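First to last, the protein sequences are chains A and B.
Here the working numbering is used: the first residue of the first sequence is 266, the next is one more, and so on.
Here the working numbering is used: the first residue of the second sequence is 2, the next is one more, and so on.
A quick write-up on the structure given underneath.
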Amino acid sequence: MTKFSCPSPSVVARKLAFSAVLSTGLLMIGLTQAEAAKTTLNLGMSVEPTGLDPTIAAPVAIGQVTWQNIFEGLVAIDQNGKIVPQLAKSWEISPDGLAYTFKLRTGVKFHDGQAFDSATAKFTLDRARGGQSVNPQKRFFSTIASIDTPDAETLILHLSSPTGSLLYWLGWPSSVMVGPKSSANDKTAPVGTGPFKFSAWAKGDHVDLVKNPDYWNKSVDVKLEKVTFRFISDPQAEAAALKAGDLDAFPEFAAPELMNSFEGDPRLTTKIGNTELKVVAGMNNTRKPFDDKRVRQALMMALDRKTIIEGAWSGLGTAIGSHYTPNDPGYKDLTGTLPYDAAKAKALLAEAGYPNGFSFTIKTPQMAYAPRSAQVMQAMFADIGVTMNIEPTEFPAKWVQDVFSGRNYDMTIVAHAEPLDIDIYSRDPYYFNYKNPDFNELMKKIQLTADAAEQNKLYGEAQSILAEDVPALFLFVMPKLGVWDKKLKGLWENEPIPSNVLTNVSWED
Amino acid sequence: MIVLLTRRIFGLILTLIAVSLLVFAVMALLPGDPAAITLGTSATPETLAALRHEMGLDQPLIIRYGQWLAGALTGDLGKSFTYGVPVAGLIAERLAVTLPLAALAILLSVLVAVPLGAAAAARRGGFFDILATLFSQMGIAVPGFWVGLLLVLLFATSLGWMPAGGFPGWGNGVWPALKSLVLPAVALALPQAAVLTRVTRSAVLDTLHEDFARTAVAKGLSRGRVLWGHVVPNALVPVLTILGLQFTFLVAGAVLIENVFTLPGLGRLAYQALSQRDIIVLQDVVLFFAGLVIVVNFLVDLSYLAIDPRLRAGGAR
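Below, the structure is given as structure tokens:
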């Protein structure tokens with residue numbers, strides 16, 4: 266990058282003299298200000314949310330602004346990915362797994378004064394599962410058969426079949442509690458029960474939140490008075506805003522190649538954590554030649570994941586052998602199942618009837634990781650005689666239409682953002698066109714138990730099936746590239762669920 | 002004259018309607034379903050149908066066009082799919098950034114280009130002429146967004162005098178808002194100033210050879226007074242014409258600069274609306290741009306009519 270030389274000594278001297286005069290003048294004010302710790306935060310995000318109601322639209326940016334800050338759920342997912350009580354203080358699951366009885370907190374109020382009780386919770390869940398619902402995770406609520414509210418503190422969910430993931434799902438941004446009087450306007454003026462209230466949204470630039478003085482949870486000490494989420498999509502502009510001090514933090518910095526440009530900045534610190542973003546190259550499993558498992562395995566073995574991570578994401582990222590991240594419960598490292606071995610890949614391809622390889626097209630979205638990964642993959646496939654054409658495909662519009670809805674593609678590459686979404690390989694229809702009854706059976710079994718150890722064992726088996734079957738080429742988990750002021754404490758370093766939880770964020774004196 | 006004006010206004014309305022039809026048709030042909038984008042990778046056919054109904058996307062195209070046009074005529078531009086707020090308000094908010102930015106850029110480019118161009122013409126081959134040539138060649142060759150990046154590196158990152166981008170809004174005081182527009186305006190003004198310098202230089206050169214200029218010199222006026230008092234004002238007509246054209250270009254064409262400085266302007270709104278398939282916003286913004294061009298052309302036509310009586314006579318035939 267271009268560097269500028271320092272201003273000439275005389276300019277510096279003049280500037281110094283000027284600032285000396287100025288600072289003497291401001292000394293008194295400065296002293297009184299320094300005593301009080303800073304209580305505002307300017308936080309940067311790459312993507313502006315589309316609306317502010319996570320219960321009616323999917324983009325993760327919505328939850329990254331509102332979840333845990335404005336909106337809260339019956340339960341929450343903490344920094345370590347654990348389910349913790351929130352608006353429900355406790356719960357009991359019936360032995361057959363068909364009834365969930367929640368005890369709700371009392372005295373909780375929404376920002377506009379509406380009371381939160383079992384009727385509100387029932388309203389929220391009915392809204393999410395009803396016929397008119399546009400909740401992006403409507404399927405989460407599909408097994409809820411009926412909801413009882415014997416009193417204001419008690420909520421009973423009756424299920425049509427055991428749903429072992431229900432509690433986890435209730436911790437998601439799409440499951441947050443909304444008020445009956447305010448829900449219709451949550452898209453533009455969100456009203457929740459959280460520690461921060463929505464204040465303003467300058468579309469295209471920033472969203473402001475202010476501290477909720479009446480927050481129900483007295484056990485937390487919310488230090489920030491005002492938070493501004495600023496939306497900057499250009500990586501260079503993101504870096505400039507951080508270095509210029511316009512921003513205090515960028516919890517999910519978008520350009521790994523610029524990460525080392527923060528080294529040596531005395532004010533900033535960088536943290537590399539895990540996300541749930543799995544970069545996978547999905548294949549159309551019903552289309553030739555991808556309908557042949559040997560072909561898919563050969564393609565997987567033709568790829569050296571380390572080199573792809575190096576080329577696509579500056580070496581920052583974790584190789585994966587299945588659709589699962591090290592954050593997730595029951596994670597198994599399966600990168601050794603089909604390790605990089607071009608010679609074996611070639612032999613396998615010949616066995617499948619393609620001794621001279623074949624050619625196909627990959628539809629790549631424009632997000633930086635996709636074309637970069639595709640170019641590295643192209644070279645590696647060429648080594649085993651396979652020709653891959655790269656077709657740029659605008660995301661989300663064209664990609665959703667062609668690949669996701671239309672399933673008209675050979676191969677594509679995309680980062681799957683949903684946490685613990687290994688079940689997408691059992692969904693029908695889903696863009697992979699992958700059908701494996703054994704895998705589907707496992708996914709069902711996982712829902713039949715709420716026992717964590719049993720679930721983890723089943724998740725392990727599911728990972729192994731995918732690693733062996735490779736319905737998609739499993740490449741890497743994206744890192745969470747955090748850049749923030751050294752004096753800022755309490756931001757999450759990992760991301761078990763896409764969020765920017767500010768409850769415990771504060772400035773060190 | 003009145004007949005002519007009525008005809009022109011009628012033509013203007015017809016053009017706008019034709020443009021609206023074209024814009025709507027193009028949007029209908031764009032691949033990508035706004036409802037599917039909103040629901041993302043967990044969309045099911047059932048939720049998709051519910052959302053399409055809510056967005057009015059399940060209606061026939063002709064009805065959607067009719068609703069849009071009828072709304073637009075009564076000042077109701079519809080609601081943004083992504084933001085959920087009326088589009089008219091969104092456009093107004095963005096204009097509050099884009100218009101001052103364009104005006105500031107125009108002002109800067111005039112302040113640089115007119116004196117430089119005139120001084121260059123006054124003494125061909127002299128210092129200012131060489132400077133003007135260098136400046137205009139560089140200004141045209143160097144892309145504005147790159148200049149923007151350099152300005153950010155110098156004034157925001159290294160010196161910390163200016164914000165690196167973003168817009169605090171006019172509600173937080175005029176100075177902070179203006180401050181965040183200065184660097185982008187400079188980046189935007191540079192290519193404009195380069196073109197304008199050339200235009201001014203050649204216009205002044207042409208005017209210098211006109212009879213009245215020579216008469217003024219013959220009368221014994223000083224070079225400077227001839228140049229600044231007589232020649233430059235007369236040479237401003239072509240300069241103003243270019244300025245008028247540039248203004249529409251600036252309003253519509255600031256997308257890159259707005260991205261570099263993350264300014265919430267109209268250009269970036271159009272860009273975001275396109276990628277999110279926020280069709281209503283996109284339709285309205287494109288129609289607004291088209292309307293702007295058409296109205297500016299109309300005004301230019303009117304000014305020609307005012308200047309040249311022959312056109313008036315011809316029009317009344």
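Even for Gly, the Cβ is constructed at its ideal location relative to N, Cα and C.
All values reported here derive from a predicted model rather than from experimental measurement.
Out of the options, point me to the one whose CA is closest to residue i's CA.
i                : options                                   : result
Ile358 (chain A) : A:Lys752, A:Met653, A:Ile335 and A:Leu713 : A:Leu713
Glu517 (chain A) : A:Glu313, A:Asp470, A:Asp693 and A:Phe463 : A:Glu313
Leu155 (chain B) : B:Val240, B:Leu184, B:Arg215 and B:His231 : B:Leu184
Ser263 (chain A) : A:Asp416, A:Ser407 and A:Pro415           : Absent from the model: residue 263 (chain A). The displayed extent of chain A is 266 to 774, so no value can be given.
Gly362 (chain A) : A:Ala393, A:Gly429 and A:Leu352           : A:Gly429
Thr419 (chain A) : A:Leu564, A:Ser464, A:Thr371 and A:Leu738 : A:Thr371
Glu47 (chain B)  : A:Leu339, A:Thr320, A:Gly396 and A:Ala384 : A:Gly396
Gly72 (chain B)  : B:Gln138, B:Val143, B:Phe213 and B:Ile281 : B:Ile281
Ala186 (chain B) : B:Leu108, B:Gly127 and B:Phe250           : B:Leu108
Ala29 (chain B)  : B:Arg9, B:Ile14, B:Tyr66 and B:Leu96      : B:Tyr66
Residue i versus chain B: which residues are under 9 Å apart at the beta carbon?
i                : result
Gly328 (chain A) : Within chain B, no residue comes near Gly328 (chain A); the closest Cβ sits about 12 Å away, beyond 9 Å.
Ser484 (chain A) : Those do not exist, as Ser484 (chain A) stays about 34 Å from chain B at its closest Cβ, beyond 9 Å.
Using the Cα positions of residue i and residue j, report the straight-line distance between them to the nearest angstrom.
i                : j                : result
Leu568 (chain A) : Leu740 (chain A) : 9 Å
Phe299 (chain B) : Ile3 (chain B)   : 15 Å
Gln333 (chain A) : Asp382 (chain A) : 18 Å
Gly76 (chain B)  : Gln68 (chain B)  : 12 Å
Val276 (chain A) : Val148 (chain B) : Below a pLDDT of 50, predicted positions are generally treated as unreliable, and Val276 (chain A), at 47, falls in that range; the measurement from the model is reported next regardless. Those two C-alpha atoms are separated by around 23 Å.
Val256 (chain B) : Ala89 (chain B)  : 20 Å
Asp703 (chain A) : Leu317 (chain A) : 39 Å
Ala299 (chain A) : Thr534 (chain A) : In this prediction, Ala299 (chain A) scores a pLDDT of 47, lower than 50, which makes its location untrustworthy; the coordinate-derived value is nonetheless stated afterwards. Rounded to the nearest angstrom, the two C-alpha atoms are 22 Å apart.
Ser484 (chain A) : Asp774 (chain A) : 22 Å
Asn673 (chain A) : Leu507 (chain A) : 41 Å
Thr134 (chain B) : Ala504 (chain A) : 35 Å
Leu49 (chain B)  : Leu40 (chain B)  : 7 Å
Leu237 (chain B) : Ala204 (chain B) : 8 Å
Pro694 (chain A) : Thr658 (chain A) : 21 Å
Val679 (chain A) : Val475 (chain A) : 35 Å
Leu179 (chain B) : Gly538 (chain A) : 38 Å
Gly126 (chain B) : Asn235 (chain B) : 23 Å
Trp171 (chain B) : His471 (chain A) : 14 Å
Ala466 (chain A) : Leu102 (chain B) : Note that residue 466 (chain A) is Trp in the sequence shown here, rather than Ala. Approximately 21 Å between the Cα atoms of the pair.
Leu191 (chain B) : Phe527 (chain A) : 30 Å
Leu685 (chain A) : Leu189 (chain B) : 46 Å
Asp556 (chain A) : Gln562 (chain A) : 11 Å
Just reading off the beta strand (DSSP E) that residue i is part of, what are its end residues?
i                : result
Lys787 (chain A) : Shown here, chain A extends from 266 to 774; a query on residue 787 (chain A) therefore has no answer.
Arg495 (chain A) : Lys491 to Phe496
Phe11 (chain B)  : Run containing Phe11 (chain B): none in the beta strand (DSSP E); it sits in the alpha helix (DSSP H), Ile3 to Leu30.
Ser464 (chain A) : Phe461 to Ala467
Thr305 (chain A) : Thr305 to Met310
Trp749 (chain A) : Ala737 to Asp750
Name, please, each residue of chain B whose Cβ falls closer than 7 Å to the Cβ of residue i.
i                : result
Arg495 (chain A) : Gly167
Asp569 (chain A) : Here the premise fails: no neighbours, minimum Cβ distance about 28 Å.
Pro401 (chain A) : Leu40, Gly41 and Ser43
Starting from residue i, find everything on chain B with Cβ-Cβ shorter than 8 Å and list it in chain order.
i                : result
Arg404 (chain A) : Ser43 and Thr45
Thr453 (chain A) : Tyr84, Gly85 and Val86
Phe669 (chain A) : Ala37, Thr42 and Ala44
Asp499 (chain A) : Asn260, Val261 and Thr263
Ser398 (chain A) : Thr48 and Ala51
For residue i, return the contacting residues in chain A, with the cut-off set at a CB-CB distance below 8 Å.
i                : result
Pro265 (chain B) : Ala467, Lys468, Gly469 and Asp470
Phe262 (chain B) : Ala502
Counting only Cβ pairs nearer than 7 Å, list the residues of chain A close to residue i.
i                : result
Gly161 (chain B) : Ala509 and Gly510
Gln277 (chain B) : Thr315
Ala1 (chain B)   : No information on residue 1 (chain B) is available, as it lies outside the stretch 2 to 318 that chain B covers here.
For a contact meaning CB atoms closer than 9 Å, what does residue i contact in chain A?
i               : result
Asp34 (chain B) : Ala662, Val665, Gln666 and Ser670
Specify, as a first and last residue, the run of the alpha helix (DSSP H) that residue i falls within.
i                : result
Ile574 (chain A) : Arg570 to Trp578
Ala194 (chain B) : Val175 to Leu209
Sufficient close CB pairs (3 or more, under 8 Å) joining the region 762-772 of chain A to the region 34-48 of chain B: no
The region 446-466 of chain A contacting the region 427-436 of chain A, beta-carbon criterion three pairs below 8 Å: no
For the region 612-630 of chain A against the region 588-600 of chain A, do three or more pairs of beta-carbon atoms, one drawn from each stretch, fall closer than 8 Å, so that the two count as touching? no
Inspect the CB distances between the region 163-175 of chain B and the region 219-227 of chain B and report whether three or more fall short of 8 Å. no
Could you tell me whether the region 20-27 of chain B touches the region 357-376 of chain A, where touching means 3 or more Cβ pairs closer than 8 Å? no
Decide if the region 635-651 of chain A is in contact with the region 584-597 of chain A; the criterion is three or more beta carbon pairs, one per stretch, under 8 Å apart. no
Do the region 264-271 of chain B and the region 112-127 of chain B meet, that is, are 3 or more Cβ pairs less than 8 Å apart? no
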